[in-house]
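In what follows, a structure is listed as structure tokens, so that the remarks can point back to it.
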Amino acid sequence: MQMITRERLIRQLTERGLKITPQRLAILDALIENGRLHPGAYLIYEQARKKAKHLSLSTVYATLADFSRQGLIKSLEFDRVENRYDVNLKEHVNLVCRQCGKIEDYSIPPSVEPKDVARKSGFMVTDARMEYYGYCRDCLAHRPDLPGAQKGQDRAS
0 MQMITRERLI
10 RQLTERGLKI
20 TPQRLAILDA
30 LIENGRLHPG
40 AYLIYEQARK
50 KAKHLSLSTV
60 YATLADFSRQ
70 GLIKSLEFDR
80 VENRYDVNLK
90 EHVNLVCRQC
100 GKIEDYSIPP
110 SVEPKDVARK
120 SGFMVTDARM
130 EYYGYCRDCL
140 AHRPDLPGAQ
150 KGQDRAS
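Using numbering that gives the first Met the number 0, read the sequence shown as starting at 0 and increasing by one per residue.
Here it is, written out as structure tokens:
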């Protein structure tokens with residue numbers, strides 16, 4: 000997975016005319032440090048407050064919305080749980096565990112190009128995301144009653 004770096008994000012913020020503030024830097028650091036977890040705003044807020052004591056939760060939400068609008072991160076919106084934020088902008092599938100809520104990235108081969116969709120259908124794609132829902136390896140190992148768990152057998156790695 001190609002994770003974003005602090006330096007690259009700072010460069011992208013500057014290129015887009017956004018100020019580099021202590022609050023934004025603290026939020027960037029929290030995103031990068033927790034990127035594999037696809038963190039929610041509250042986790043980002045808790046982490047960022049360690050570096051920017053006067054940071055508010057509303058500033059975190061506004062900053063994450065700005066970063067998403069600028070294409071620096073992806074906002075993953077869900078119906079029943081807190082939105083999460085993805086720093087992996089490469090094409091991939093999000094594997095979402097129905098038990099613990101963990102989201103993992105799974106690399107996939109390139110799919111249909113948005114420009115091909117636009118050319119053939121007249122529909123302009125502005126964003127895409129693919130998700131599979133099920134149960135992660137840890138939940139299956141600890142809950143043999145979950146659908147798909149192999150009772151009494153070792154699971155392949």
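Quick reminder that beta carbons are idealized off the backbone N, C-alpha and C, glycines included.
On a predicted model such as this, the values are computed, not experimentally measured, just so you know.
Same chain, Cβ closer than 8 angstroms to residue i, five either side skipped, listed in chain order
i: Q98; result: Y134, C135, C138, R142, L145
i: T4; result: I31
Residue interval of the alpha helix (DSSP H) (run including residue i)
i: Y60; result: 56-68
i: L42; result: 40-47
As assigned by DSSP and simplified to three states, the class of residue i
i: C138; result: helix
i: G16; result: coil
i: E6; result: helix
i: K114; result: helix
i: P143; result: coil
i: D85; result: strand
Residue(s) in a DSSP beta bridge with residue i
i: S120; result: Partner(s): none; S120 has no beta bridge.
i: R35; result: Paired residues: none, contrary to the question.
i: K52; result: Answer by DSSP bridge pairing: none, since K52 is not bridged.
Residue i - containing beta strand (DSSP E), residue span
i: C96; result: 91-96
i: R79; result: First-last for R79: undefined, no H or E at that position.
i: I102; result: 102-106
Cutoff 7 angstroms; reference residue i; Cβ partners in own chain excluding five residues on either side
i: Y60; result: A40
i: L71; result: L8, Q11
i: Y105; result: H91, V92, L94
Residue from the options whose Cα sits closest to the Cα of residue i
i: Q69; options: I3, V124, D126, R15; result: R15
Other residues of its chain near residue i: CB distance less than 6 angstroms, five sequence neighbours each side excluded
i: A47; result: A25, I26, A29, L54
beta-carbon residue i near the ligand ATP non-hydrogen atom, thresh 8 angstroms
i: V59; result: In the structure shown, the ligand ATP is absent, as is every other ligand, since no ligand is present at all.
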